[in-house]
Amino acid sequence: MFLLMGSATTTRADSEEWLANAFSTPAKTGKSVSGVAGSKRRGKANGDPQDSSAVTDGSTSSDKKPDKPDVLIGDHFAPSVAGKWQWRVTRTSWTETDEAAYGDFLVGIGESDCKTTHECLTSPSANPIYHARNPPGMQFFADCADLPYVLRGYFAWMNGLPFSFSTAVDRHPGSDTSKGSAQSFQIIGRYHIVPPGPDGRLTLPEISRVSTAHFRTPAVYRAKLLPDYYPVRIDRGGVRAGTVIFDPLGHIAIVYKVTEDGVAHFIDGHPDNTLTRGIFGSEIERWGPESGSGFKRWRPQRLVGATQGRDGRLHGGRVVLANDSELSDWSEEQYYGTGDGHSDHSRAKDSAAKDGRARDWRSAKFAIDGNEIDFYGFVRLRLANKGFKFNPVDETRIRIRATCQELAQRVDAVDAAIKAGMHQRRQPPRLPNNIYVTQGDWETYATPSRDAQLKNTFRVLREDVERFLNLSQKSSPFIRYDGNDLRQDLMETYEAEAANCNITYIKSDGVSQTLGFKEIKSRLFKMSFDPHHCVERRWGATSSVELASCPDDKLKSDWYDAQQRLRNEIVRTIGDRMDFTIEDLRRHAREDSKFGDAEPPVIDVAPLFRLTQ
Numbered sequence: 001m002f003l004l005m006g007s008a009t010t011t012r013a014d015s016e017e018w019l020a021n022a023f024s025t026p027a028k029t030g031k032s033v034s035g036v037a038g039s040k041r042r043g044k045a046n047g048d049p050q051d052s053s054a055v056t057d058g059s060t061s062s063d064k065k066p067d068k069p070d071v072l073i074g075d076h077f078a079p080s081v082a083g084k085w086q087w088r089v090t091r092t093s094w095t096e097t098d099e100a101a102y103g104d105f106l107v108g109i110g111e112s113d114c115k116t117t118h119e120c121l122t123s124p125s126a127n128p129i130y131h132a133r134n135p136p137g138m139q140f141f142a143d144c145a146d147l148p149y150v151l152r153g154y155f156a157w158m159n160g161l162p163f164s165f166s167t168a169v170d171r172h173p174g175s176d177t178s179k180g181s182a183q184s185f186q187i188i189g190r191y192h193i194v195p196p197g198p199d200g201r202l203t204l205p206e207i208s209r210v211s212t213a214h215f216r217t218p219a220v221y222r223a224k225l226l227p228d229y230y231p232v233r234i235d236r237g238g239v240r241a242g243t244v245i246f247d248p249l250g251h252i253a254i255v256y257k258v259t260e261d262g263v264a265h266f267i268d269g270h271p272d273n274t275l276t277r278g279i280f281g282s283e284i285e286r287w288g289p290e291s292g293s294g295f296k297r298w299r300p301q302r303l304v305g306a307t308q309g310r311d312g313r314l315h316g317g318r319v320v321l322a323n324d325s326e327l328s329d330w331s332e333e334q335y336y337g338t339g340d341g342h343s344d345h346s347r348a349k350d351s352a353a354k355d356g357r358a359r360d361w362r363s364a365k366f367a368i369d370g371n372e373i374d375f376y377g378f379v380r381l382r383l384a385n386k387g388f389k390f391n392p393v394d395e396t397r398i399r400i401r402a403t404c405q406e407l408a409q410r411v412d413a414v415d416a417a418i419k420a421g422m423h424q425r426r427q428p429p430r431l432p433n434n435i436y437v438t439q440g441d442w443e444t445y446a447t448p449s450r451d452a453q454l455k456n457t458f459r460v461l462r463e464d465v466e467r468f469l470n471l472s473q474k475s476s477p478f479i480r481y482d483g484n485d486l487r488q489d490l491m492e493t494y495e496a497e498a499a500n501c502n503i504t505y506i507k508s509d510g511v512s513q514t515l516g517f518k519e520i521k522s523r524l525f526k527m528s529f530d531p532h533h534c535v536e537r538r539w540g541a542t543s544s545v546e547l548a549s550c551p552d553d554k555l556k557s558d559w560y561d562a563q564q565r566l567r568n569e570i571v572r573t574i575g576d577r578m579d580f581t582i583e584d585l586r587r588h589a590r591e592d593s594k595f596g597d598a599e600p601p602v603i604d605v606a607p608l609f610r611l612t613q
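Dropping the structure here:
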C-alpha cells in the first residue's frame, strides 16, 4: 500500500508500550519511536498479562474502529491510483481563501447537532458542500487525536489540495526523560499526498497513525522534520476556526468559532467516534512550552518539485512545511506571558528573560493595557472585541449552560456502553494499565477522562463565581456590573439555569430516571466510569429505590466501592500505572496512598451565594 522512498523503512512499534503519550519505547529497528498513542497500539494476543487491552471478556477492540497501521519512519508517499475516488491534487498550496473555507467547514460541523465524525461528514446540514461527494458506504472514524487530521485531510481531498502529516515520533533532543516531566517529541516520519493523487478512500484512514504524542512537540523545535503545528499569538488571528487546543493530559480539541465576547468554542472527538462540543476555560490546564500545549495552528504546506504534464496536470513533488521564521503569528506568549502587557514577543524565541517576561513559564504574568490578569481572563479579553468587559451574571449563565451540555453528552456516552452490552460482561480481575489512556473496549466505553472533565467544569463554575466576586469588590477594570447586589443576582441566575438543566437516563428495568443539575452535582463523585457497572451506578445512584433495578452482582458492587478514590480525582494521571486488582485498591485506601484522593474537592458554588441546602 505504501511507496517507500530512499532509505525510509516501515516499522511496527513495540506493543509493550503502555503510554506513548508520556513515554516512547524501543521499536524493532532499535529506534525509540511512537507512531500511535498507547491507547491505539495493536495489543498482543488476548489474555497476555502484559497486554493492557485484555480488560474485558476476551474482547479487546470495538468493531467500530479501523485497524491501526504500522509506524512509518522517514518520508513516505501515498501511491497514486486513478479512478473516481482519486485524491486529485490540482494545486500547490493552501491560500487564505482555502483557510477561510476550512473555517466555514468547521463552523458547519460545530453548529450542527451531529454526534459522530461519520454523521458530521455525511450529514447535509453539517456538511452541506461536500457530503454528496462522499464515496458510497465510506465510514469516517476519528478519536481526539485523529479528528484534526481527519477533518483537515478530508477538506484537502475535497478541494484538490496537497497534504502531509506526521507518522512517527522520537524523543526531542534535550527532552527531559524523567517520569512525570513534560516530555517533548520530534517528528521522524511523514506521509505525503502528492499529484496525481491516491485513492482517498484508502488514504484518509492512514491518518489513524497519529496520536496525542504528535502534538507534544516543543515551541522551540530543533529537529529535522517539522511538526504539523506551531504555537500562535493569542488574538483573533491566531485563535480562530481551525486552531487546535492541546491539553498534555491527553486530549485535543478544534476551535470552530470565536464569538464577539471572546469565547472559543470547540469540537472534540472520543474513542467511540462521538463528537462533542465545549468552550475553552481553566478546566483545560495551562502547561509549559516543552509540552507542546495550548493553542496551535497548522503549518502552511506547499507542494514543491512537481512537474506539469502536457495535459496540464501536476505530477510528483513533495510537501514542504513552513519554518518558524516564515510564520508571522508564531509566538511563545502563551507560555512566558506578556511582561509589561504591551510588547509583542512573537519573534523573541529563547529570550524571555530579556524583555521582562518570566524565565519560568510557571511565573509568567499576563496583562491587558498594563493591568495584570490571569491567563484565562487574558485569553478571553484578547479574543473579544475591543472594550469587552466581563459581566459576572452573563459569565455564570454561559458556564452553567456549557456544563449542562457536557452532562447531555455524557448521556450518549453511557448509552453507547449499555447498547454494547458492556454492563453484562463479567468484571475483569484488573483495571487497565492506565484508566485514562489505554486501548480496546475500555478506551471506547469507559468514561474516566470524560468524567474528570465534567468534574472540572463544576470546579471551574465555583472558581469563576469566586473570582468575579473578588474582582468586583476590587473594582476591577475588567468587570462590568450595573446591579446593586452581585451575590443575589448570581444566585438567581444559578437557580434559574440549574432548574432548566435536566438529563434523563433509562434504568435497567426500562423506567426513565430524570436528574436535575443540583442532584447531579451532589452525586458527581459517585458516578461510575467503569463500563462493566449497571447504568444506575454509572449515574451515581446510592438510594435503595434507584438501585433496586441494578443487576450488578456482589463482585461488581465491591469493585464499585473500591474505585471511590479514583472517582474522587479530577486530574487525569496519565503517567501512572494503574492496573490494580480490587485488593490493590483496598490497600491504597487503607494506606491513603498517592493513587486517587481520599475525599473529593469542593465544587459546590451555593455557599458563595450564602445559600443553605
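With our numbering, letter number 517 in the sequence shown gets 517, and the count goes up by one each step, no holes. The beta carbon of each residue, even a glycine, is placed where N, CA and C say it ideally should be. Please read all numbers here as calculations on a predicted model, not as lab measurements.
Which value, in whole angstroms, describes the spacing of the CA atoms of residue i and residue j?
i: G440; j: E536; result: 24 Å
i: P218; j: H251; result: 17 Å
i: V255; j: I245; result: 7 Å
i: T117; j: S476; result: 43 Å
i: Q513; j: Q405; result: 18 Å
i: V258; j: G288; result: 24 Å
i: S343; j: T92; result: Below a pLDDT of 50, predicted positions are generally treated as unreliable, and S343, at 43, falls in that range; the measurement from the model is reported next regardless. Each residue's alpha carbon lies about 36 Å from the other.
i: A168; j: F77; result: 14 Å
i: A384; j: V194; result: 39 Å
i: R310; j: T122; result: 36 Å
i: T276; j: C144; result: 10 Å
i: V210; j: T203; result: 13 Å
i: D70; j: G189; result: 12 Å
i: F378; j: F366; result: 7 Å
i: A446; j: D561; result: 17 Å
i: A364; j: D374; result: 10 Å
i: P600; j: A589; result: 14 Å
i: G312; j: G137; result: 32 Å
i: E402; j: F458; result: In the sequence under discussion, the amino acid at residue 402 is Ala, which differs from the Glu named in the question. Distance between the alpha carbons of A402 and F458: 10 Å.
i: R297; j: D75; result: 22 Å
i: V220; j: T212; result: 18 Å
i: T493; j: C114; result: 29 Å
i: L608; j: R487; result: 8 Å
Where does the unbroken alpha helix (DSSP H) through residue i begin, and where does it stop?
i: G108; result: 96–110
i: F517; result: 517–523
i: R587; result: 582–591
i: W627; result: Past the edges of the chain, shown from 1 to 613, lies residue 627, and the structure says nothing about it.
i: Q409; result: 392–419
i: G74; result: Run containing G74: none in the alpha helix (DSSP H); it sits in the beta strand (DSSP E), 71–77.
i: K554; result: 554–562
Can you name the start and end residues of the beta strand (DSSP E) that residue i belongs to?
i: H192; result: 185–193
i: G312; result: It is not in any beta strand (DSSP E) - G312 carries neither H nor E in the DSSP assignment.
i: N371; result: 371–373
i: P448; result: First-last for P448: 448–473, but that is the alpha helix (DSSP H), not the beta strand (DSSP E).
i: V244; result: 244–247
i: H270; result: It is not in any beta strand (DSSP E) - H270 carries neither H nor E in the DSSP assignment.
i: D170; result: 163–171
Just to check my reading of the structure: residue i and residue j have Cβ atoms closer than 8 Å, yes? What is that Cβ distance to the nearest angstrom?
i: L555; j: Q427; result: 5 Å
i: V89; j: L314; result: 6 Å
i: D597; j: E569; result: 6 Å
i: R216; j: F185; result: 5 Å
i: G103; j: A241; result: 3 Å
i: F165; j: I207; result: 6 Å
i: F580; j: L431; result: 5 Å
i: G200; j: W361; result: Not a contact, Cβ separation roughly 41 Å.
i: K521; j: D604; result: 7 Å
Using C-beta distances below 7 Å, list every residue in its chain close to residue i, excluding the 5 sequence neighbours before and after it, in chain order.
i: L249; result: E285, R572, I574
i: K594; result: none
i: A264; result: V239, V255, V258, I279, F280, L383
i: L471; result: F478, I479
i: R236; result: V258, L383
Residues in its own chain within less than 8 Å of residue i by CB, not counting five upstream and five downstream?
i: D451; result: R410, M527, F529, R567
i: F619; result: Given that the chain is displayed from residue 1 to residue 613, the structure contains no residue 619 and the question cannot be resolved.
Between which residues of its own chain and residue i is the CB-CB distance below 6 Å, once the five residues before and five after are set aside?
i: F163; result: G153, A156, I193
i: V150; result: A142, I207
i: Y436; result: P448, S449, R572, I574
i: A541; result: L547
i: T243; result: V255, F295, R297
i: N159; result: none
Q. So, do the segment 504–511 and the segment 537–557 have three or more beta carbon pairs nearer to each other than 8 Å?
A. Because the criterion of three Cβ pairs below 8 Å is met, the segment 504–511 and the segment 537–557 touch.
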